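So the protein lines, in turn, are chains H and X. Numbering-wise (full-length UniProt numbering), the first sequence opens with residue 1 and increments by one. Numbering-wise (full-length UniProt numbering), the second sequence opens with residue 1 and increments by one. Below is one structure, written out as C-alpha cells, with a few remarks after it.
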Amino acid sequence: MHPALQGLITIIVGVGGCIGYFYLSNQILDRFIFPPTGDNAGRNINRANMVRPWLFLFPAIFALGLYLAYPVVETLRLSFTDRDAGGAFVGFDNYSQMMSEPKFWEAMRNNMLWLIVVPAASTAFGLLAAQLTDRIGWGNIAKSLVFMPMAISFVGASVIFKLIYDTRAADQEQIGVLNAVWLSFEGGPLSFLFLRIVPALLVLAFGAFMAYGVYLSLRPLIWGENRRGRGSWWAIPLRAVVALGGAWLLWLSVKSIFSLLTVSLPYGQPQTWLTIPFWNNFFLMVVLIWIQTGFAMVILSAALRGIPEETVEAAVIDGANPFDIFFKIKVPQIMGTIVVVWTTITLVVLKVFDIVFAMTNGQWETQVLANYMFDKLFRASDWGVGSASAIVIMLLVSPILIWNVYNARKEMR
Amino acid sequence: MAELKLTNVQKAYGTVKVLHGIDLHIQKGEFIVFVGPSGCGKSTLLRCIAGLEQITGGTLEIDGMVVNDVPPSQRGIAMVFQTYALYPHMTVYDNMAFGLRLAKMSKDEIDKRVQNAANILQLTPYLDRLPKALSGGQRQRVAIGRSICRDPKVFLFDEPLSNLDAALRVATRIEIAKLNETMPDTTMIYVTHDQVEAMTLADRIVVLRGGYIEQVGSPMELYHRPANLFVAQFIGSPAMNILPATVTDVSGAKIDVDITSSGVAHLPLAGDARLKGKSVKLGVRPEDLKLAASGEEPMIVGEVDIVEALGEVTLLYVRVAGHDDAVIAKLAGDVSIKRGETVNLVAAPEALHLFDGDGNSLSAARRAAA
C-alpha cells in the first residue's frame, strides 16, 4: 500500500476514533447510565455533568500515565536493580557506583556551569534585544533575525556551529569562522586589546556584578536590616547558597582575569576549539544561548510592551535617566515574566543532550548528565547506573519545574 | 512660585499641526484650567509644558528662563496623571521617595517630605502598602502626594479625576481645591473636559479648540461675557440657546433685533449703525429665560415639546418655528406646564448675548469696555 494512503487511513482512524470515543461515551452516559428522564431526572443530569469532565480527560490521563508516570516509577525501580545479576535488587549500589565515577562528577559540574551561564546569558541578551528593538523602525526585522534560530533543531544548530569551530591545517584556507578570525590576530597591540584587555574588562564587569550580588544577598543576614518584616525562614539558607554560588563565580572570574592577562596565546596556529578543556563547554553553551535568546526576547518584548507608558513618563518627570527607567521601573514590573523565562530555559538546559551529543559526545571534559545517561543506558547497556542518572536529572528538574509552574500561574492571575 | 510664559508655542506631529501658536501668560500662584472638547490639544499643551513632548515652534519660559530644551525633571514641575501612573512594584512610601532618591537627597530630608505629604493627604496608615492594595481615590492621592514631595514650582494635572466615580470625584475635587489654598505660591495647571471642575477650581480658564485658544478669563468672565459662539455654548449646562436674528434698529445705546419668525429683543448695547439689516446670532442662556407676564412683549414664542421636571428646576424644550434645535428654558422650581402648550418666553435685556455672522461676540467687547 502506498505510504500516503497509509497516512490518510491513520488520520481518518485516529480522528474518527477520537470523535467516536467522545460521542459514544457521552451517548452511553446520557442514555443508559444517567438518563435525564423518569423520577430522578434532575439528580441524573447533575451526576452526568459531574462524570462528563472525566470522560473528556480520560484519554489524556491514560496516555500520560502510560508514557510519563509509569516510566518514572519503572526507572526508579530499575535504578535499584542490576542487569548482570538478572535484575536483582541491589539497593543503592548503582548510585554509589555512579558517585565514584569521575565522569559523573564532570557531568554534574558541567551541568551546573550550563545551568548558571545559559539561562542568565539567554535572558540577559533576550531582555537587551527586546528593549533595544522596541523603539527603532527596523526593530521587527531585527527581532525576526534574533528569533530565527528558534526554528532550527538543536542538532542542526550544532552542525552549523561545528562548521564555525572547524579547523584546517595552518597552510590551508580556514573554513571555520572562529579560526579565520583567530588567525588574523598576530600578537600586536590590537591583539592585546581585543584578546586580553576587552575580555578581562568583560570578566571584571561580571565579577563586579557577582560581588554586588553577594553583597545584596548577605546584607540582611549580617547587618540584620530586615526590610519591613517580609523575610521568611527559608530566605536565610537561600541567601547563603546564593552568596556561596556568587562567591565561587567571583573567585572564578578573578582567576580568569589573571590567566587572561598572563597566558601565552598560540598566535598563528589554528585551534581545535572543541578540544580545549573547560573552555569548550562555553563553545557548546553558545549554541543553546544562540537558540534560546530568541525565545526570551519574544516573551520579554511582549511583557515590556505591557508596561503602562505613564509609569515611564512619571519616572521621566521624577528625574530618572534611561538606565534608572530600565532597571528600576521596567525590569521590576516584568520580574515575574523574567523569572518564568529564566526557569523555562533552565529546564531546557538541565535536559540538554542533543548539542553535546552532536558536537563532542562528552569527550574532552564536556560531558553532561543527559549524555552520561544515554552513554550508560544505550552504549554500556548498564540500565542500573543509567536509570540512576536519569533519576538524578529528574530530582534536579523537579523543584525548578514546580517553581516555574507556580510563577507562571501567578503571572496569569 | 513660578510664572509661565508661552510665546507662539506650536506642536506638530510630522505635518499634522496640533497646536497653532499658543500665547499665554500664567502668573505665579495661579490655578489655570485648560478645557475643551477632546482632540482640542489641551493635553498636548500640558505635556509640552511638562517636557514630555518636544515643542516644535515658539518658546516656553518658566520664571524668565526658556525651557524648551530643558529635561522635564529640571523644569521644577510635577505631574499627576489620569491613570495615576504609580510604580506598581513600590510601596506608597517608595513611590513618593523615588524622585527624591534620584535627586540624591538625604534620607532624613526624604523621610520628612514623604511624612509631610502623607500627613496632608491622610496617607500615613498606607505608607507600607503596594498601590494594588489601595482604592482608586487613595491611589490618586498617592499620585498627588508624589508630586507634593517634589516641592514643584508648577503642578500639572492631566484629567486627574476622570478615572474616579462620581462621589469620589467631588471629594477629590474639593481636596485639590484645599491643596491649592495651602500652597498659594504654587502655580497649578489643570486639564479637564469637565466644565464643573473648570468653573469650581480655576482662577482663570483657557478654552481651547482645534489647537487655538478661544478665550482666556475667569470662570465668571467666561460665563457672562463669552468672546464667541463656541465659548458661549461650551460653558454652561444646558448649553446657551442660539437663535438667528436680524438687526432692525441701532440707536444710541440700544440695538433692536428681530428674531426670525419669533419675537423681538432689545439689547442695551452701543452699536455701529452699519449693523442695521445684518444677520446676527442672538444667544440666551436657558437659566435667563422666564415665562412672560401677561401683556409683556414676548421674545420667543413656541410650543413645548418636552418637559423635564427635576424638582429644583424644570427644563422646557420649546420648539420654535423655523429653528431646528429646540430652545431650552430652565425655570426655577416646579412649573405646571404640559407638553403641547404654547409658551411666551422673555429674558432680561442685559442677559442677552449678540454674535456677528462670524460668531464673535458683539456684546462682550462692549461690556468689557464699559
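We put the CB at the ideal spot given by N, CA and C, even for glycine. No experiment lies behind these values; they were computed from the predicted model shown.
Asked: Helix, strand or coil at I325/H [DSSP, three-state]; Found: helix
Asked: Contact between the region 313-320 of chain H and the region 72-80 of chain X (3+ Cβ pairs under 8 Å); Found: yes
Asked: Interface flag, R228/H vs chain X, CB-CB below 8 Å; Found: Summary for R228/H: the model assigns pLDDT 47, below 50, so the residue's position carries little reliability; its value from the coordinates is reported in the next sentence. Answer yes: the Cβ-Cβ gap between R228/H and chain X drops below 8 Å somewhere.
Asked: Proximity test, Cβ basis, 8 Å: P72/X and chain H; Found: yes
Asked: Neighbourhood of I299/H by C-beta, 8 Å cutoff - its chain only, sequence neighbours within 5 removed; Found: G126, T337, V340, V341
Asked: Candidates G357/X, Q233/X, A85/X, S251/X: closest to I328/X by CA position; Found: Q233/X
Asked: Uninterrupted beta strand (DSSP E) stretches inside the region 40-98 of chain X (no shorter than 3 residues); Found: 57-62, 77-80
Asked: For I26/X and L4/X, believed in contact at Cβ under 8 Å, the rounded distance; Found: 4 Å
Asked: Assigned secondary structure, H2/H (DSSP; H/G/I helix, E/B strand, else coil); Found: coil
Asked: Per-residue DSSP class, three states only, for L344/X; Found: For the sequence presented, residue 344/X should be read as Asn rather than Leu. Note: N344/X maps to strand in three-state DSSP.
Asked: Closest residue to L369/H among F323/H, W279/H, L113/H, V198/H (Cα-Cα distance); Found: L113/H
Asked: Minimum Cβ-Cβ distance from Y87/X to chain H less than 8 Å; Found: yes
Asked: Rounded C-alpha distance that separates Y406/H from A88/H; Found: 40 Å
Asked: Cβ pair V301/X, T342/X closer than 8 Å; Found: yes
Asked: V307/X (DSSP reduced to helix, strand or coil); Found: strand
Asked: Chain H contacts from the region 90-103 of chain X (Cβ-Cβ distance under 7 Å); Found: F98, G99, L102, A103
Asked: Contact the region 75-95 of chain X vs the region 123-134 of chain X: 3+ CB pairs below 8 Å; Found: yes
Asked: Through-space distance from G99/X to S135/X, alpha-carbon basis; Found: 23 Å
Asked: beta-carbon A296/H near the ligand PLP non-hydrogen atom, thresh 7 Å; Found: Among the ligands in the structure shown, none appear at all, so the ligand PLP cannot be discussed.
Asked: Where R31/H falls: helix, strand or coil (DSSP); Found: helix
Asked: 8 Å Cβ cutoff, Q122/X in contact with chain H; Found: no
Asked: Test item: CB-CB of L86/X and P131/X under 8 Å; Found: yes
Asked: Inter-residue Cα distance where the pair is G386/H and S96/H; Found: 13 Å
Asked: Where the beta strand (DSSP E) containing I22/X begins and where it ends; Found: 16-26
Asked: Unbroken alpha helix (DSSP H) run spanning A243/H, endpoints; Found: 235-262
Asked: Separation of A130/H from G139/H, as counted between CA atoms; Found: 9 Å
Asked: Outcome for G333/X when other beta-carbon atoms lying within 10 angstroms are tallied against a minimum of 16; Found: exposed
Asked: DSSP state of M188/X mapped onto helix, strand, coil; Found: strand
Asked: Limits of the unbroken beta strand (DSSP E) element including A245/X; Found: 241-251
Asked: Near-chain X residues of the region 309-322 of chain H - C-beta to any C-beta below 7 Å; Found: E310, T311, E313, A314, V316, I317, D318, G319, A320
Asked: Contact check, V304/X vs V318/X, beta carbons under 8 Å; Found: yes
Asked: Partner residues on chain X for D324/H, Cβ-Cβ distance less than 8 Å; Found: L102
Asked: Residue-chain proximity (L4/X, chain H), Cβ-Cβ < 8 Å; Found: no
Asked: CB contact check: T44/X to chain H, cutoff 8 Å; Found: no
Asked: Other residues of its chain near S253/H: CB distance less than 6 Å, five sequence neighbours each side excluded; Found: V203, F206, G207
Asked: For residue 381/X, the nearest candidate out of A97/X, K42/X, T200/X, I55/X (CA to CA); Found: Coverage of chain X is limited to positions 1 through 370, which leaves residue 381/X absent and any answer about it impossible.
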